[in-house]
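A.B. asks: Numbering (UniProt numbering), first residue to last: 1 to 479.
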C-alpha cells in the first residue's frame, strides 16, 4: 500500500485530504510544517509527499531536497500559481491548484505513484506531464516522450500520427471531443513531444474560474487595478512563458478575455490588467472544447478571428463508443490499477460484464468507465465482476444489428402473430415499437424484455421515450 506524507498547516484541509486518501486505500501520515515532518518521519521513505507551498517556517519546496528523490506534489492557490511553476523548475513533480476537487487530486496522486513505480522498475529518467491511469506506449517515440494513451483503433492510430507530426511545431492546436474523452492527455502528449518539453505546461480550465477573475488569472494585474489588488501579480500566460499553455473548455472564455488572448496569438505579447505597458511572451497555445466554436462564432458568442487563429491544427478525439475494442482494453487497465489499490489479484470481468462494457454507449466516456470499474472493484465479493456490479444498462441502440439479442423474426413470433413481421427496412427504434405493440397483448413485461434482450428498466424507459403505453388487459399479472 503506497505511503503518502501530507504537509499542510491548515488542519481542516489536512484532515479532509487524509480521509480522502485513506478511503482510496492509501496509507497516510501528516505534519503541519516541514520542521515537524523532519522531526517525526524519515522523509525519503515515503512514496509521495503532498505539500502546501506556503507553510510556517520553511516553504514546501524544501521537501524536494529532503525527500531525496521522493516525488513532491505541490498544492497552491491560483494567487500563487507562478510560484508553483517555479517549484516545478526546482524539482517538484507537479502542482495542483486550490481549491481542487477530489477526482482531480486522486488522479494526480495515482498518476505520480504509477510513474514512480514504472521508473523504479525500468531505471529510466522521469518525464514531465505523464498520462492519466492506464497509459500505454502506442508506438510513441520514447526518445522524445510518450503519447501515453491506450487504444489501437483506426481513429486513434490516425490521431497518434497527427500528434507526432504536430508536436514538434509551434502551431496552435484545437482539440475537439466530448467531455471525458481525454483531451488533456492529447495536450500533454503534444507538450511532451515538443521542443518545449522541459518547460512548464500550464493547464487552465476556463469553466472553473469565475468570469470576474479570469482576465486577471490569465494575464495578471497591477497593484490597484481593481478592488482587492493589493499587489501586482503575474498571470498564467506569463507563467507559461517558454512552455505550453493549455486552455481547456475555451468555449467558456468571456469575449473580453478572448480579445486579450487574440493579442497574445497575434503579437506574442500580453498586458496585465491595469497596465499601460506590454511585455513579450513565448507561449505555444493548445485549446480544447466539447462545443462547436464555429457555430458559437456565427451567433456572436465566440470571436471569429480567434476561432481561425486557434483552428490552425484541429485534432478530433473520438468518443469512447466510437473506439470499438479499445473500451475493453481501457477497462482492463483500470481493473488492474484498482485491483492493485485494494490488494486483490483474482479479479476479472465476467463474460456478461465484458459484453456490457463493449456495447454500452458510455455517455461520460473514459471518465465514466473509470468510475464504473472503481465502484465494481470496491463492491465485488467474488473473483468475477458482473455486468450488474458495473451499474450500466445496455440500451437497444447500443447494439449492432447483428448482435441485437432476441429480435429475429423466429424469436419474435408469439401466439396469433402470423402476418405483420418487421421488414429489413425498419430501424431498431421502429423494430422495438413494432415488436412491443404486436406482442404486449399476450406477453408480460418480463417476457417482452427477455425477447428484446434488455432489462425491464430499459424496456420501461424506452416505452416512456417512444410514448408506448403499457396495456393493462390481456396480459398475465406479474406479482
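For each residue, glycine too, the CB sits at the ideal point set by N, CA and C.
Is it the case that the Cβ atoms of residue 235 and residue 218 are separated by a distance below 8 Å?
C.D. replies: Going by C-beta atoms, residue 235 is nearer than 8 Å to residue 218.
A.B. asks: Within the same chain, show all residues whose beta-carbon is closer than 6 Å to that of residue 32, passing over the 5 residues directly before and after it, in chain order.
C.D. replies: Excluding sequence neighbours, residue 32 sits near 9.
A.B. asks: Could you name the residues that DSSP lists as bridge partners for residue 205?
C.D. replies: DSSP lists 248 as partners of residue 205.
A.B. asks: Return the first residue and the last residue of the alpha helix (DSSP H) that residue 51 is part of.
C.D. replies: Looking at the DSSP string, residue 51 is not in any alpha helix (DSSP H); the run it does join, the beta strand (DSSP E), is 48 to 52.
A.B. asks: Can you name, in chain order, every residue of its own chain whose Cβ lies under 8 Å from the Cβ of residue 256, other than the five neighbours on each side?
C.D. replies: Taken in chain order, the residues that qualify are 215.
A.B. asks: Let's test the definition: count the other Cβ atoms within 10 Å of the Cβ of residue 383 and tell me whether it reaches 16, buried, or not, exposed.
C.D. replies: Residue 383 should be labelled exposed.
A.B. asks: Helix or strand or just coil, what does DSSP make of residue 441?
C.D. replies: It is coil, neither helix nor strand.
A.B. asks: Quick test of your reading: residue 48 and residue 106, contact by CB under 8 Å. State the CB separation rounded to the nearest angstrom.
C.D. replies: Incorrect: roughly 12 Å between the Cβ atoms, too far for contact.
A.B. asks: So what's residue 25 in DSSP terms, helix, strand or just coil?
C.D. replies: Coil at residue 25, not helix or strand.
A.B. asks: Tell me the DSSP secondary structure of residue 253 in three-state form.
C.D. replies: The answer is coil: DSSP assigns residue 253 none of H, G, I, E or B.
A.B. asks: Given a threshold of 16 other Cβ atoms within 10 Å of its Cβ, counted over all protein chains shown, does residue 192 qualify as buried or as exposed?
C.D. replies: It counts as buried.
A.B. asks: Where does residue 41 sit, in a helix, a strand or coil, going by DSSP?
C.D. replies: Coil at residue 41, not helix or strand.
A.B. asks: Who does residue 289 pair with in a DSSP beta bridge?
C.D. replies: 176, per the DSSP bridge assignment.
A.B. asks: Look up residue 401 in the DSSP assignment and say whether it is helix, strand or coil.
C.D. replies: Low confidence applies to residue 401: its pLDDT is 38, below 50, so where it sits in the model is not reliable, and the reading given next is rough at best. Three-state DSSP puts residue 401 in a helix.
A.B. asks: Taking the beta carbon of residue 301 as the centre, do at least 16 other beta carbons fall within 10 Å, making it buried, or is it exposed?
C.D. replies: The residue is exposed, with fewer than 16 neighbouring Cβ atoms inside 10 Å.
A.B. asks: At what residues does the alpha helix (DSSP H) containing residue 214 begin and finish?
C.D. replies: Note, residue 214: alpha helix (DSSP H), 214 to 219.
A.B. asks: Apart from the five residues on each side of it in sequence, which residues of its chain come closer than 8 Å, Cβ to Cβ, to residue 277?
C.D. replies: The answer, listed in chain order, is 271.
A.B. asks: Can you tell me whether residue 52 is buried or exposed, with buried defined as 16 or more other CB within 10 angstroms of its CB?
C.D. replies: When all chains shown are included, residue 52 counts as buried.
A.B. asks: Write down the C-beta distance between residue 337 and residue 25 rounded to the nearest angstrom, noting that I regard them as a contact closer than 8 Å.
C.D. replies: Not really, about 11 Å apart at Cβ, beyond 8 Å.
A.B. asks: For residue 4, which beta-bridge partners are listed by DSSP?
C.D. replies: Answer by DSSP bridge pairing, in chain order: 28, 48.
A.B. asks: Compute the Euclidean distance between the alpha carbons of residue 422 and residue 368, then round it to the nearest angstrom.
C.D. replies: Below a pLDDT of 50, predicted positions are generally treated as unreliable, and residue 422, at 41, falls in that range; the measurement from the model is reported next regardless. Answer to the nearest angstrom: the Cα atoms are 35 Å apart.
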